[in-house]
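Worksheet for the structure shown next.
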Amino acid sequence: MRINILQHTPNEGPGSILEWVQLHGHQSYVYHPYQFGYLPQAAETDMLVILGGPMSPNDDLPWIKQERELIAQLLERDVPLFGACYGAQQIAKTMGYQVTDAPAKEVGWAPVYRQTETIPGLPEKLTALHWHQEMFEIPAQAELLFSSDRVKNQGFVLNHRVVGLQFHFEPQADNVREMVVNDFPYIKGSTLGQSAADILQTPVPPENQAVMFKILDYITQPK
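According to the UniProt record's numbering, the residues represented by the sequence shown are 1 to 223, in order.
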């Protein structure tokens with residue numbers, strides 16, 4: 001499979017997703033549309049990963065609209081899609097649903113709770129890295145997948161092919177350090193009350209990679 005990855009800031013990379021790609025013998029192609037303006041073609045995309053970033057789907061930028069055009073084509077073709085944070089918001093907005101301010105700005109480590117057993121083997125509770133202050137509306141065709149104590153709409157699953165998460169399971173320890181040292185001013189005002197040092201000193205839960213792999217396995221399995 002050709003896995004096309006849309007990365008939207010230097011400090012939010014694919015993390016453990018690349019390990020999954022290599023484990024399965026796939027090929028990954030990482031695009032940086034915010035910098036170079038290029039996107040893959042739908043016909044050359046066997047799976048699309050849309051990562052997080054500091055922008056909003058509501059921003060009036062040509063490449064953001066072009067991303068949604070690509071997402072719409074892939075939804076029509078039933079191609080597997082995974083979106084993290086901004087990426088999940090882009091999927092929801094492509095489907096005609098709103099992206100709005102969340103009830104609380106969440107930056108740091110906090111639990112999320114599984115809301116459906118549609119994806120087999122996911123734990124009832126996990127500790128995820130949050131880095132957001134907006135949230136998506138759950139598409140009517142989708143199921144609520146995760147919620148947190150402060151924000152209900154934390155994840156959705158759609159049609160065995162699409163998963164969007166408002167938070168991050170993909171970062172490994174190096175990725176967390178990169179996020180914090182480059183984007184630490186964003187931590188201010190978070191309802192989680194964690195400092196940069198608090199976030200850095202919290203180990204990445206080993207089960208997060210396992211769950212990330214289960215999600216990617218699920219959306220790429222034959223129906």
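Ideal Cβ positions, reconstructed from N, Cα and C, are used throughout, including at glycine.
By the criterion of at least three beta-carbon pairs nearer than 8 Å, the region 74-91 is in contact with the region 49-57.
202 is the residue among 161, 202, 35 whose C-alpha sits nearest the C-alpha of residue 111. Taking 8 Å as the cut-off, the beta carbon of residue 4 is found closer than this to the beta carbon of residue 31. The beta-carbon distance between residue 122 and residue 211, rounded to whole angstroms, is 6 Å. This is short enough to meet the 8 Å contact definition. Contact between residue 95 and residue 139 holds, with the beta-carbon distance rounding to 5 Å and staying under 8 Å.
DSSP, reduced to helix, strand and coil, places residue 101 within a strand of the structure shown.
Around the Cβ of residue 181, a 10 Å sphere holds fewer than 16 other Cβ atoms; the residue is exposed. In this chain, the alpha helix (DSSP H) harbouring residue 87 covers 86-94. Under the DSSP definition of a beta bridge, residue 204 lacks any partner.
Contact check for residue 214 against residue 119 passes: the beta carbons are separated by less than 8 Å. Residue nearest to residue 47 within the set 68, 156, 77, 117 is 77 (criterion: CA-CA distance). Each of 9, 63, 15, 20 was checked against the Cα of residue 217, and the nearest Cα belongs to 20.
Contact between residue 137 and residue 190 does not hold, since their C-beta atoms are separated by about 22 Å, which reaches or exceeds 8 Å. Going by beta carbons, residue 102 and residue 157 fall outside the 8 Å limit.
In this structure, the straight-line span from the alpha carbon of residue 64 to that of residue 99 is close to 14 Å.
Close CB contacts of residue 143 within its chain, under the 7 Å cut and outside five residues either way in sequence, are with 116, 118, 156, 157 (chain order).
Here residue 50 carries a strand assignment [DSSP, helix/strand/coil].
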